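In my numbering, the protein residues as written are 6 to 677.
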């Protein structure tokens, strides 16, 4: 069994990581009241508190001492039963000195010297702190379950019949659905499966999964995810993943893995606390015995050295110190999750705060990953061709190809409403293009170099092609018969938000941006210029990207790599922090990276860097504050200027303060 220092602090806080994907809204105080009366230990604490208040009221009224003592003793017994049980488990089962053991010693010692009121107050305050921590844990566990509740447990399965004779849909558990089944999603329903739209159009709210604030229009061929909300029209969805493997299930697995991945500062605090608590307990023993034995100081009484030692035992609890780190990390990661960013553990959040260089893959990361036609130039001089004849001829031939450039030309023709005729005798020109016959005319669609070699054309066409190529675009020419009729430029254009995302990162200060790509230097340089990266490294194979990450780490110490999690997986793994985009639609991206952008929104990069740095500041402030409170109360206890209940109040107060400070990260927005 792994040794832990403070079960009531560390162990009960870690389940709060489950709130990574929860809404994070504060629960009404009524829920805490219900929790108190539904849990045996918290009910006992409430009864102990009532008995203590009655005892204090009798003291103010001047009631006989025996009546007050009886109430205080009853409060100690009622509220102390759970504490004593946990102390027994710490000593006899775990063989360690924990907070419950220290509390039992302090309370028994105070009662032994006749300080019944202080002993009762210590029990009540300690039990109150335990109840608050237990309540937070229960809420966190409920948040984890609510994650799965986002996806309905049943779906409306459509029988596999023709549309005319198809019976009405049947409600079945999602576990019974197989890949290829079709389900009906009505307007207003939550989507129950991961799948592809086969019929219908609608707007879908994907905020629970990707963090997108605006509903996304869905049409046949588009992906939908379990847990999202269908807003306007009915959709027929084909299942692409089983319920156990859908996006929500993978998110839940990531959350559970994050619970075991402590940040370095958290591991340090745990190791420090394992030494700190026994050391303070030994110091308290020396304080109680050395002055009376060797210096004739009083052992008993309110200001005796035994009382001071008991106060030190109470102060020895490292609750505020231990709880300060996980509550801050959980709050920050919950904030990120609410924006569609999954961080797979506190150590990656902490590492992000130290990143000095961001490396980006180009295709599919800084760019859309889908080439589009950027320029269509008619150069036909025959005077017989209608408008867009070149595009019509090119689309007819390229319609029989699956090449991305061919798809781009066909999409442009369709977007312009051009009727695309059927081509005959289509052949491939050895990787340079294609040729065929369209409406009886011989048509060639190929690269500029191919035309230079086989088809003479005007110098003006060459100059125009060279100008477009210098802009990082792929140039395609088309001819029918012996006439060059059109020239096209195709490019993988930057994402709309890429330039702003790079600017936001640079605004954080001390961050350099580098683009790593296997594309040609000309194309890479142009994309780099458009998005505003500091450096471009082109012509890199996947293994060379890994070497580039190693070189950057030697120069900048801490490197983050941003990619799609597929062809750049080795580089993501090599970086100190691997950040994958599009995790909602890619299982490989979710498994490969340390941080997953569930959508394709690069704008979140600046936010998570800002969040990580704020988290580091809050962690430092919490640790300094917790240690400062310990030092001050320790000094007061050593000089006899504090009381036992004041010591426990200071400890509980410090814990509450660091929790509230850490929880501020849950509401922190992007940097202005």
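Note that CB positions come from ideal geometry on N, CA and C, so glycine has one too.
In this text the structure is predicted, and so the values were computed from the model without any measurement.
So what's residue i in DSSP terms, helix, strand or just coil?
| i | result |
| --- | --- |
| residue 455 | helix |
| residue 207 | strand |
| residue 651 | helix |
| residue 91 | helix |
| residue 69 | coil |
| residue 716 | Because the chain spans 6 through 677 in this model, residue 716 falls outside it and cannot be assessed. |
| residue 658 | helix |
| residue 74 | helix |
| residue 349 | coil |
| residue 330 | helix |
| residue 200 | strand |
| residue 340 | helix |
| residue 390 | coil |
| residue 461 | coil |
| residue 316 | helix |
| residue 497 | coil |
| residue 356 | helix |
| residue 511 | helix |
| residue 669 | helix |
| residue 245 | coil |
| residue 521 | strand |
| residue 101 | coil |
| residue 646 | coil |
| residue 664 | helix |
If I follow the unbroken beta strand (DSSP E) through residue i, where does it start and stop?
| i | result |
| --- | --- |
| residue 175 | 175-178 |
| residue 568 | 564-568 |
| residue 377 | 377-383 |
| residue 479 | 479-485 |
| residue 184 | That residue, residue 184, is in no beta strand (DSSP E); it is neither H nor E in DSSP. |
| residue 159 | 159-163 |
| residue 577 | Careful: residue 577 lies outside any beta strand (DSSP E), inside the alpha helix (DSSP H) at 574-579. |
| residue 364 | 362-366 |
| residue 542 | 540-542 |
When you compare the CB positions of residue i and residue j, do they come within less than 8 Å of one another, or not?
| i | j | result |
| --- | --- | --- |
| residue 398 | residue 346 | no |
| residue 2 | residue 402 | Given a span of 6 to 677 for the chain in the structure shown, any question on residue 2 remains unanswerable. |
| residue 623 | residue 557 | no |
| residue 316 | residue 310 | no |
| residue 510 | residue 522 | no |
| residue 543 | residue 566 | no |
| residue 562 | residue 313 | no |
| residue 530 | residue 541 | yes |
| residue 576 | residue 568 | yes |
| residue 240 | residue 197 | no |
| residue 113 | residue 128 | no |
| residue 130 | residue 657 | yes |
| residue 608 | residue 674 | no |
| residue 58 | residue 122 | no |
| residue 202 | residue 233 | no |
| residue 132 | residue 53 | yes |
| residue 195 | residue 157 | yes |
In the DSSP assignment, what are the bridge partners of residue i?
| i | result |
| --- | --- |
| residue 603 | DSSP, once it has assigned bridges, lists no residue as partnering residue 603. |
| residue 120 | Partner(s): none; residue 120 has no beta bridge. |
| residue 1 | With the chain represented from 6 up to 677, any question about residue 1 goes unanswered, as that position is not in the structure. |
| residue 235 | 209 |
| residue 429 | 442 |
| residue 491 | 383 and 483 |
| residue 372 | 499 |
| residue 732 | Any property of residue 732 remains undetermined from this structure, which presents the chain solely from 6 to 677. |
| residue 46 | Paired residue(s): none; residue 46 is not in a bridge. |
| residue 223 | 207 |
| residue 403 | In DSSP, residue 403 forms no bridge with anything. |
What are the boundary residues of the alpha helix (DSSP H) that includes residue i?
| i | result |
| --- | --- |
| residue 622 | 609-643 |
| residue 437 | Careful: residue 437 lies outside any alpha helix (DSSP H) and carries neither H nor E. |
| residue 583 | No alpha helix (DSSP H) holds residue 583; the beta strand (DSSP E) holding it covers 582-586. |
| residue 556 | 547-561 |
| residue 536 | 526-536 |
| residue 412 | 409-420 |
Is the shortest distance between the beta-carbon of residue i and the beta-carbons of chain B less than 8 Å?
| i | result |
| --- | --- |
| residue 467 | Any reference to chain B falls outside this structure, which holds one protein chain only. |
For the structure I just gave you, are there three or more beta carbon pairs, one from the segment 525-540 and one from the segment 473-486, closer than 8 Å?
yes
Can you find at least 3 beta carbon pairs, one from the segment 100-110 and one from the segment 623-633, that sit closer than 8 Å?
no
Does the count of Cβ pairs from the segment 493-502 and the segment 332-351 closer than 8 Å reach three?
no
With a cut-off of 8 Å, do at least 3 Cβ pairs link the segment 608-622 to the segment 370-388?
no
Can at least three beta-carbon pairs, one atom from the segment 401-418 and one from the segment 485-492, be found at a separation below 8 Å?
no
For the segment 190-205 and the segment 236-252, state whether three or more C-beta atom pairs, one from each stretch, are separated by less than 8 Å.
yes
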